[in-house]
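Chains as they are written, first to last, in my numbering: chain A, 3 to 607; chain W, 3 to 607; chain S, 36 to 386; chain B, 36 to 386.
Where a beta carbon is used, it is the ideal one built from N, C-alpha and C, also for glycine.
Every value quoted in this text rests on a predicted model; they were computed, and no experiment measured them.
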Amino acid sequence: MPGRAKSRVNDFVIRLANVNGTGSASANGLLMKVIFRMGIPVMGKNFFPSNIQGLPTWYEIRVTKDSNLARSGEIDIMVAMNAETYQQDLKSLSPGGVLIYDSTWPRNSVLTRQDVTILGVPLAKICNERFSDARTRILMKNMAYLGTLAALLDLDRQVIKNLVEETFSSKQALIQANIEAIDLGASYAQEHFKCPLPTRVKSLDKTAGHIMIDGNTAAGLGCVYAGATVGAWYPITPSTSLMDSFKSFSERFRVDPKTGERNYCVVQAEDELAAIGIVLGASWNGARAFTPTSGPGISLMSEFIGFAYFAELPAVLFDVQRVGPSTGMPTRTQQGDILIAAYASHGDTRHVLLFPANPKECFELAVKAFDLADRLQTPVIVMLDLDIGMNDWMSEALEWNEDYRPDRGKVLGAKELEETESFYRYLDLDGDGIPYRTYPGASAKGAYFVRGSGHNKYGGYTEDEDEYQEVVDRLKRKWDTAVKLVPEPVIKMRKSAKLGIVSVGSCDYAVLEAMDRLARKGIHLNYLRVKAFPFGDKVAKFLNQHERIFVVEQNRDAQLKSLLLLETDYSKARMESILSYSGVPIDCRCIIEAIEGHVAKEVAA
Amino acid sequence: MPGRAKSRVNDFVIRLANVNGTGSASANGLLMKVIFRMGIPVMGKNFFPSNIQGLPTWYEIRVTKDSNLARSGEIDIMVAMNAETYQQDLKSLSPGGVLIYDSTWPRNSVLTRQDVTILGVPLAKICNERFSDARTRILMKNMAYLGTLAALLDLDRQVIKNLVEETFSSKQALIQANIEAIDLGASYAQEHFKCPLPTRVKSLDKTAGHIMIDGNTAAGLGCVYAGATVGAWYPITPSTSLMDSFKSFSERFRVDPKTGERNYCVVQAEDELAAIGIVLGASWNGARAFTPTSGPGISLMSEFIGFAYFAELPAVLFDVQRVGPSTGMPTRTQQGDILIAAYASHGDTRHVLLFPANPKECFELAVKAFDLADRLQTPVIVMLDLDIGMNDWMSEALEWNEDYRPDRGKVLGAKELEETESFYRYLDLDGDGIPYRTYPGASAKGAYFVRGSGHNKYGGYTEDEDEYQEVVDRLKRKWDTAVKLVPEPVIKMRKSAKLGIVSVGSCDYAVLEAMDRLARKGIHLNYLRVKAFPFGDKVAKFLNQHERIFVVEQNRDAQLKSLLLLETDYSKARMESILSYSGVPIDCRCIIEAIEGHVAKEVAA
Amino acid sequence: MTSITKPQIIHEGMARNALGLTIRDYEGRMSTLCAGCGHDSVTSAIVQSFFELSVPPHSVAKLSGIGCSSKTPAYFLSAAHGFNAVHGRMPSIATGANAANRELSLIGISGDGDSLSIGLGQFAHAVRRNLNMLYIIENNGVYGLTKGQFSASADVGTKAKKGEVNEQQPIDPVQMAMALGGTFVARSFSGDKEQLIPLIKAGIRHNGFALIDVLSPCVTFNDHEDSTKSYAYTRQFFHPAMHADFVPPAEEIKTAYDEGEVMTIELHDGSRILLRKISKDYSLNNRGAAIDYIRSHHRKGEIVTGLLYIDESEPDMHAINQTTKTPLNDLPFDKLCPGGEALETLQQRFR
Amino acid sequence: MTSITKPQIIHEGMARNALGLTIRDYEGRMSTLCAGCGHDSVTSAIVQSFFELSVPPHSVAKLSGIGCSSKTPAYFLSAAHGFNAVHGRMPSIATGANAANRELSLIGISGDGDSLSIGLGQFAHAVRRNLNMLYIIENNGVYGLTKGQFSASADVGTKAKKGEVNEQQPIDPVQMAMALGGTFVARSFSGDKEQLIPLIKAGIRHNGFALIDVLSPCVTFNDHEDSTKSYAYTRQFFHPAMHADFVPPAEEIKTAYDEGEVMTIELHDGSRILLRKISKDYSLNNRGAAIDYIRSHHRKGEIVTGLLYIDESEPDMHAINQTTKTPLNDLPFDKLCPGGEALETLQQRFR
Ligand SMILES: Cc1ncc(C[n+]2csc(CCOP(=O)(O)OP(=O)(O)O)c2C)c(N)n1
Ligand SMILES: Cc1ncc(C[n+]2csc(CCOP(=O)(O)OP(=O)(O)O)c2C)c(N)n1
Ligand code: SF4
Ligand code: SF4
Ligand SMILES: [Mg+2]
Ligand SMILES: [Mg+2]
C-alpha cells in the first residue's frame with residue numbers, strides 16, 4: 003500500500019460520501035451501531051443537504067477507543083459512493099488513508115493520489131446482478147458497501163446480522179435481502195483485498211451503560227417525563243424530530259388503550275408566532291407546554307417571548323440552533339442564537355437558558371426546564387444545536403428518579419384561594435421576586451388579567467411611573483432568584499492551572515480532547531462548561547481563579563463571551579475567544595492551535 | 003400668599019392636568035408657542051394615556067431662560083382642570099407654588115395645602131354663560147384657562163391673538179370665539195387676583211433661529227428630503243406621526259399638480275412583518291424605502307432584519323421607543339430597545355444604529371440613515387423615543403445643503419454592467435467589505451438571487467463551510483467600514499475633568515443641565531453623546547481618557563453600557579450606570595445625585 | 036385595557052338567574068372607551084347573555100388582542116380570568132387555553148384591525164381548527180386606538196374623518212369564515228341588542244368556533260357622514276337575513292310559528308336555536324350562496340346580518356385530536372410520566 | 036434554493052421567439068428537486084409561457100418564500116433577478132418591488148405551506164391590494180422540504196405516508212381568493228400543461244393579482260395510494276370547468292367557435308383570453324356560485340380547475356395609490372427633494 007499506511011485499531015475516522023434520498027443514512031447508522039455494539043466508543047456526524055433527494059451527503063464515523071467523541075479532523079477511510087464529489091472526497095482523505103469506491107464505472111484516471119490506497123468494488127454491478135427491482139438495487143448497494151467494510155474493518159458479522167434482524171423485524175422479507183447484500187460486499191472484499199486492513203476495529207467493552215441516541219429524541223422524551231401535555235410547533239429543521247419524538251413516545255405511553263383517547267395534545271400551528279402563543283395559552287391554564295424550534299422561529303417568537311417575560315408566564319422553548327443569520331444553512335450546526343435568546347424581545351428583558359452538551363443532558367434539562375419555568379414563571383429556552391439534536395451520540399443511559407415530582411411553582415388552587423383574604427397577582431410575598439398565580443376556572447377569587455401592558459403589583463392596569471417601576475424592579479429581583487435555581491456549571495479542575503477554558507454545549511468533547519492533548523504537551527487547563535444562563539457564583543469564581551480564560555464556542559461573534567462580559571465582572575482583556583462557525587461541528591484542532599499560539603506568545607514575550 | 007412665594011421670571015414649570023379628548027392638548031401647545039414667540043426658551047412634555055377619551059392627561063411646560071430643555075422635576079404652577087386627579091395634582095405641586103382650578107364646582111375642603119397658593123376660576127361657569135353648544139363649551143374652557151394664565155403670567159396678548167388667528171385661519175368663525183374665551187379667563191384673573199404673579203414671563207430674544215417641532219415630524223421630513231419614495235408601516239404609537247409627516251409633506255411636495263399623480267407610495271401594511279418586507283422589496287429595486295415603528299414592531303421585524311443583514315439589503319427603520327417590555331406603556335418614553343436593535347435576529351448579526359437627541363438631528367440623521375443604508379447595504383435603525391418623537395421641542399431651525407446628493411452606494415447600472423466582464427454579487431473588490439449590487443430589470447448580466455440562505459461570494463447557493471465562512475467574515479469586515487462612516491459622537495470637554503459622562507438621545511438636555519449644576523458645585527465632567535453604533539475610535543478614546551464613566555440612559559438594564567462593554571475595551575469596573583426608566587422623560591436630579599454620591603464616596607474613601 | 040373600578044351596587048329585588056346571581060355579577064370595571072362607542076353596547080350584550088344563560092362567571096375565560104375593542108374584556112365578567120394578548124395573536128392563546136382546559140368557556144373579543152390585518156392568519160387558522168370558542172369582532176372599519184386609520188374592513192368609497200377615501204376592497208370576516216369552512220358564522224350590529232343577544236348565547240353554546248362580526252361604530256373616528264360604518268349608515272342599511280332565537284335546554288319554545296317557518300338546531304348541551312328567515316331568498320345551508328347574497332347586497336350598500344351559517348356536527352379541535360375528556364391540566368402526574376421501568380425498557384432500542 | 040448549473044446547449048434551428056431567443060434563454064439552473072416532482076413540470080410550463088410570450092427575461096423578477104416549491108425560481112429565467120424571501124413573506128417583498136418599479140413583471144412561486152400557513156396573512160393582503168403579479172401556489176398538501184407533514188391544504192380523510200389521517204378541513208386558496216375579491220383566480224394541475232400554459236400567460240398579462248393554484252404532487256411524501264394530492268388521484272378527479280385560451284395582442288383568433296360558446300376578455304396590453312365553458316353549470320361571473328361549485332364538487336372528491344374568475348377592471352395597487360407612471364426607482368432626485376428654499380418656507384409653521 004502506498005503512503006505511510008496507518009495501523010490504527012479502534013482509532014480512526016470513516017467518512018461515507020453518498021447521494022441523499024438513496025437510503026444511505028440508515029446503512030451508515032447501522033455501521034455505527036455495529037461498532038457501538040462491539041463495545042467500541044464511536045461518534046457519528048451526518049452532513050446532509052437542505053434538500054430531499056439527489057444531492058451530496060456525507061456521514062462521518064469516528065471509532066475512538068478513548069471516547070474522544072468529537073470530530074478529529076482526519077479522514078482515514080473514505081467510502082466515495084457519490085461520483086459528483088469523488089474528486090473532493092479523494093482530496094479530503096488524510097495521507098495514508100484508504101478510499102473505497104464503486105468500480106462499476108471506471109474512475110477518471112487523473113483523479114488519483116499516490117499517498118492513499120484506493121480500493122474499487124463493483125457494488126452496483128454486484129447488486130444489479132443479484133436484485134431486480136430498481137429501488138432495491140439502490141438500497142442494497144448501501145448494504146453491499148457495509149459488507150465490504152465489514153470485511154475490511156473486521157466488523158463482527160453476528161452483530162451485524164442481529165442488528166439487521168432487529169431493524170427489519172416488521173418487514174421480514176427485507177432481512178434476507180439485506181444480509182445477502184452485505185455478504186456480497188464482504189465476499190468481494192475478501193476475495194480481492196487483504197482483509198482486514200491495519201486500520202480496523204477490535205471488540206472492547208467500553209460502551210456498557212451507554213446508548214446511542216440523538217438529542218432531539220432525548221429532549222422529546224424529557225418532555226414526556228416532565229409531564230408536558232401540550233406541544234405546539236411549526237416544522238423546522240433541525241428541531242422537527244424533537245416533536246416527532248414527543249409524539250411517538252406519547253402515542254406509546256399516553257394513549258388510553260381502550261378508548262384511544264390521548265392524554266396530550268400536539269398542535270401543528272400555522273407558524274411560530276402561533277406556536278408560542280399556544281404554549282402561553284396552555285401554561286396560563288396550568289398545562290406544561292413547550293415548543294421546539296430553530297433560529298428563525300426564535301426571531302418570530304420574540305414579541306411573545308417578551309410578553310411572557312413581562313406577564314410572567316411559564317414556557318419551555320427548545321432552540322435547536324442551525325447556521326444563521328436568516329435561513330442560513332438549515333442542515334449545518336452553529337451556536338449562533340445565544341445572545342438573541344438571552345435578551346429576546348424589545349424592552350428590558352432577559353431569559354433563562356439551559357445548555358445541554360449531550361443527549362443525556364437533553365433529557366435531564368428538558369425536565370429541569372419545566373420545573374424552572376413553573377417555579378420562575380418565565381420562559382426557559384433550552385439551547386440545543388443541530389449537532390446535539392440530530393446526530394446520534396454515544397451517551398450514558400438515561401436514568402429516572404422515581405421520587406421526582408414536578409415543581410409547579412407558586413400556584414394557588416381554589417382551596418388556598420378560599421383561605422386567603424384577597425389575591426393579587428404580582429405581590430412579592432416571599433421576598434424572592436416570585437409572585438403567586440392562579441389558573442382560570444379555579445375560582446372567582448383568583449381572577450385577574452394577564453397582560454403585556456403596564457401593570458401594578460396588584461395586577462391592575464397602570465400607566466403610573468412608580469407602579470410600573472416597582473414591577474420591573476421586582477422582575478430584576480426574580481432574576482437574582484433564578485441565579486440560585488439554575489443548574490450549576492460542570493467544572494474540571496487540574497491542579498494549579500492558570501489557564502481556563504469556558505465553553506458550552508456541543509463543544510464539550512472537542513474541548514476535552516484538546517485539554518488531553520495539550521496536557522500531554524505540558525499545557526494544563528481547567529475547564530468550566532456553563533449549563534445555564536444566568537451564570538451564577540460558580541462561574542464568576544472560576545473566571546476569577548484564572549489569569550486567562552479561553553472561551554470556546556461555535557459562532558462568529560463570540561456570543562457566550564459577550565454574555566460572560568455583560569453578566570460577570572471578569573475583565574475583557576483576560577478573555578480570549580476560540581471560535582468555530584463554519585457549520586461543521588467543532589474539532590479540537592482549532593482549540594489546540596489557539597492555546598498553543600497563546601502560550602508561545604507568552605513565552606516569547 | 004402663603005408659603006415662601008418664589009419669584010421666578012422665565013424660570014419655572016407649569017403643569018396642566020386635563021382630561022383627554024377635551025381639546026386641551028392644542029390649548030397647551032398654544033400656550034407653549036406663545037412663550038416661544040416671546041423669545042423665551044421653553045420645553046413641553048405631554049403625558050397622555052393610551053386611550054382616546056376621558057382619562058387623565060398632563061402637559062408640562064418648562065419656561066427656561068437658560069435653555070434647560072429637560073424636565074426640572076419641580077412644578078411651580080399647576081392648572082388642575084381634572085377633578086379626578088385634583089388631589090394628586092395638588093400634592094405634586096412644589097412648595098410655594100400656585101394651583102389654578104375650576105371653581106365652578108367647590109373643591110373638597112380637605113384637599114388643601116398651606117404652603118401653596120390656590121386660585122379658583124369659575125371657568126365652566128364663565129364659558130357656559132357665554133357659549134351655548136356643548137362641545138364649544140368644553141373647548142373654550144381650555145382657552146379660558148389660557149386667558150387666566152395670560153393674565154397671571156403676563157403673556158403677550160398680541161402674540162396670543164396672532165397665534166390664534168394663524169391656527170384657525172381656515173376656520174375664521176372660531177377665531178372670535180377663542181379670543182373671547184381667552185379674554186373671559188384673563189378678565190376674571192385681573193379682577194380677582196394680583197396680576198401678574200411673581201412667577202411669570204418676560205420677553206427675551208433667545209429663540210431666534212429656532213423652531214418648535216417634534217422629532218417625528220422632523221424625521222418624516224428628513225425622509226422626504228432624502229428622496230425616499232416608498233414608505234411602509236403599520237400604525238403604532240408613538241411612531242405613527244412620523245408616517246403622517248412623510249405623507250403630508252409628500253402630498254405637499256410630491257404630487258403632480260396637473261395629474262394628481264404621486265411621486266411616492268405609502269403602503270399601510272397589514273402588520274410589521276409585511277411593512278419591513280415591503281421596505282426590503284422596494285430597496286432591492288433601488289427605491290429608498292423606510293418604515294417607522296416601535297418596540298413590538300422591531301420584535302416582529304427581527305426575522306426580516308436578519309435577512310437584510312445577511313442578504314445585504316439597505317433598509318431604514320425608525321424605532322420610536324416606548325416603555326417595554328411587551329406592550330408596556332405605549333404612551334410613555336424609554337430607551338429600552340437599544341440592545342435588541344443592535345443585535346436583532348438570530349445568528350450572528352449586528353446593525354447600524356443612529357441616535358438623534360433632538361428634532362434637528364432627527365431630520366439630519368434620517369437623511370444620513372438612507373446614505374448609510376445604501377452605502378453599507380444593510381439595515382440602519384434610527385432610534386428615537388416617544389419623548390423626542392412626539393413632544394414639541396425647541397430646536398435649531400433645519401438647514402439644507404443644496405449640494406447634497408444621495409449616496410446610493412455601489413450600484414452597477416446597465417451601462418456599467420455591459421462594460422464589466424462578469425458580475426458577481428458578493429465579491430469584495432475594494433477591500434472595504436462592501437460588494438456591488440444591481441437592480442432588477444436593468445440588465446440580464448446583473449441578474450442574481452437575493453437569499454437569506456447560505457451563499458458564496460459569487461451569490462450562488464452554498465452549503466459549503468468555507469464558502470459560507472468567507473461571506474460572514476467579509477460581513478464582519480464591512481462592519482469595520484461602517485465604523486468609519488457613521489456620525490461621530492458629540493463631545494463636550496472641560497479642562498482636566500477625570501470624570502466622564504456618556505449618554506444618548508433624549509437624555510441630552512438633562513445631562514447638560516446636570517453638568518452645569520455640578521460644575522457650580524465644583525464637580526467637573528466631560529461629556530460624550532453617542533450618535534451612532536458602531537461607536538468608533540472617538541468613543542473609545544473618550545472612555546480611555548477618563549478614570550470613571552457615568553453612563554446615563556433611560557432603561558433598566560443599562561443597555562448602552564452593555565454595548566459599550568461589548569464593543570470597546572474600557573473596563574467594566576470603571577463604568578457606572580445612571581438609569582431612569584419609569585417612563586417619564588429623565589430629569590437632571592438623578593444624574594446629579596448619583597454623581598454627587600460617587601464623589602462623596604471617593605472623598606470618604 | 037385601561038379601566039376604572041366600578042362600585043358594585045346591588046339593589047334589593049334585582050333579578051337573579053338560576054345561580055342566584057344578579058346582572059352585577061356579570062359586569063366588569065368601568066369602561067374607559069369614548070362615550071357612545073359601539074363596543075360598550077357589545078359589552079352590555081355580553082353581560083346580559085351570560086347572565087341570562089346562568090353561566091358561572093369563573094368558568095369563563097375572556098381573551099383579546101390589542102385595540103379599543105380588545106380593552107372590553109375588562110368591562111364584563113370581573114370574576115372571570117382575562118388574557119390581553121399581543122396585537123392579533125389572541126387566537127393562538129385561545130388555542131392553547133382550550134388545549135389545556137377544554138372545560139373553560141372561552142370568549143374572545145377582537146377588532147377589525149386585530150383580526151383582519153395583523154391577526155388574519157391566526158384568525159383563519161382558529162376557524163380551520165374549529166376551536167371551541169365564541170369569537171366576536173367589534174368591527175368599526177378603523178383602527179380606533181391608533182386614531183382612525185382605515186382598517187382592512189373599510190369599504191371602497193368610504194371617507195375618513197380627515198377626508199381620505201378608501202379605494203381598497205374590504206376583507207369581510209364573514210365571507211372569509213364561510214370560505215374557510217367556519218361552523219357558526221353570524222353578523223350583527225352593536226345597536227341591535229335584540230338580534231345580538233341570542234346570537235351571543237348561541238355562540239357561547241355552539242360546539243366549535245362561533246364567529247360574530249358585530250358592526251360597532253367608532254364615534255370618535257368613524258361616525259361621520261361619509262362613513263359606511265357609522266351608526267346612521269349601519270342602522271339604515273342593516274339587512275337581517277336570518278333571525279335566531281336561543282332557547283336554553285329544558286325550556287319550552289314559547290312563540291308559536293307557522294309551519295315550515297322555523298328551523299330548529301339543537302346544540303350539544305341541549306339548547307336550541309330557532310332560525311327564522313327574514314329574507315326569503317336567503318338559504319342557510321349554502322356557504323357559496325351566502326357569500327353571493329352578502330356580496331350582492333354589499334354592492335347595494337346593504338349589510339346582511341343574522342346567523343348566516345351553522346353546522347353543529349363538525350368535530351372541534353379536541354375531537355380531531357382525540358383528546359381525553361379530562362382537561363389536560365387536571366391529569367395527575369402519574370398518568371403522564373411513564374416512570375423508570377419504562378425508561379429502562381425503551382432504551383433497548385438505543386443500545 | 037439548491038441548484039446546479041446546467042450546460043446551455045442551443046441547437047441550430049431551434050425555435051426562436053419574436054425577440055430571437057430560444058427556449059434555452061428562458062431556462063434556469065438544473066433542478067435539485069426529487070425526480071418526478073410536480074414542481075418541475077410547473078417550472079417547464081413557466082419557461083414555455085415566457086418564451087412564447089417573448090418576454091425579455093431580464094424584465095421579469097421572480098420571487099418565492101421557502102420550501103421545495105420556493106426553490107423553483109432558480110430553475111427558470113436565469114437572466115431574471117430572483118428573490119428568495121423568508122418563509123411565507125414573499126408577498127410583502129413583491130409589494131415593495133412593485134411599489135418601487137411598477138414596470139417589472141413579477142412572478143411569485145409559493146407552496147401550500149408557504150402561502151396557507153405561515154404566509155396566509157400576507158397572501159390575503161396581496162390579493163386585497165390587487166398587487167400586479169402572477170402568484171403560483173405549487174400545492175401538494177404537505178410541507179415537502181420539512182419531510183411531509185400535512186399542510187393546511189390537506190383534505191379531510193387524506194392519509195400521510197406514515198399512516199396518519201388528516202381530519203382538519205383544508206384551506207383552499209381559490210375559495211379564499213374568491214372571498215377576498217381576487218381579480219384572477221385559477222386552478223390547474225402540474226400534469227396538464229395544455230391547461231396550465233395559457234393560464235400562466237394570461238396571469239402574466241393580467242393587470243392585478245393573478246392566482247393560479249397548481250396541484251403539484253410531491254412524489255416523495257404525498258403520492259401514495261390514500262393521498263388525495265397524488266398524481267393518480269388528481270388526474271382521475273380533475274374537473275375542468277372553464278377552458279382558457281390565451282391570444283397575444285395583434286394575433287388573430289384562429290379557432291372557430293360556435294356562437295355564444297366563447298367569451299373574450301381583453302387584457303390591458305391588448306392580448307385576449309378566450310374563455311370556453313367545459314362544465315355547463317359553471318358561471319364565471321359569480322364568486323359565490325364559484326365557491327359553491329367548488330365545494331360541492333370537492334365533497335364528491337372532485338377538483339374544479341380552469342380560470343375560475345377574472346375581472347380585469349379593478350384598480351391595482353398603483354391605481355389606488357395614484358402613483359406616477361414613471362417607476363419610482365427612476366425618478367431623479369430633484370423631483371423628490373423639495374430643496375432648501377422650501378425648507379425655509381415650511382418652517383414658518385414651526386416658528
Ligand atoms: C405589534 C403591534 N403593532 C401595532 C400596534 C398598535 N395598535 C394598537 S391597537 C391597533 C389597531 C386596533 O384596531 P382594531 O383592532 O380595529 O381595534 P379598535 O381600536 O378599532 O377597536 C394598532 C395598530 C400594537 N399594539 N402592536
Ligand atoms: C420561519 C420558518 N419556519 C419554518 C421553516 C421550515 N420550513 C421550510 S419549508 C417549510 C414548508 C414548506 O412547505 P410548502 O410551502 O408547502 O413547500 P413544499 O416543500 O411542499 O413545496 C417549512 C415549514 C422555515 N424555513 N422558516
Ligand atoms: S376611538 Fe372609537 S373605537 Fe376607540 S373607544 Fe373611541 S369610539 Fe370606541
Ligand atoms: S420532497 Fe416532494 S415537493 Fe419536495 S422536491 Fe421532493 S417531490 Fe418535490
Ligand atoms: Mg377597529
Ligand atoms: Mg407543499
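Nearest in C-alpha terms to B/L310, of all of B/E202, B/T380, B/Y292, B/D280, is B/D280. For S/Y328, a Cβ of chain B is located within less than 9 Å of the residue's own Cβ. Under a criterion of Cβ atoms nearer than 7 Å, the residues of chain S adjacent to A/G262 are, in order, Q357. By the criterion of at least three beta-carbon pairs nearer than 8 Å, the segment 197-215 of chain S is in contact with the segment 194-212 of chain B.
W/P298 reaches chain S at V121, H122, counting residues in chain order whose Cβ is nearer than 8 Å. A/D482 and W/S582 have their alpha carbons spaced roughly 21 Å apart.
For W/G56, not one C-beta of chain A is nearer than 9 Å to its own C-beta.
For W/H526, there is no enclosing beta strand (DSSP E), as DSSP marks it with neither H nor E.
The beta carbon of A/S445 sits closer than 6 Å to those of A416, L419, all from its chain and outside the five residues before and after it, given in chain order. With respect to chain B, the C-beta atom of A/G23 has a partner C-beta closer than 9 Å. Distances between the C-beta of S/S127 and the heavy atoms of ligand 1 are all 8 Å or more.
Within the segment 283-331 of chain B, the complete beta strand (DSSP E) segments of 3 residues or longer fall at 297-301, 307-312, listed in chain order. Its Cα nearest to that of W/R496, the residue W/L514 stands out among W/L477, W/L514, W/K480. Distance from the C-beta of S/E173 to the nearest heavy atom of ligand 5 is below 8 Å. Within the model, the alpha-carbon separation for A/P327 versus W/L501 is close to 40 Å.
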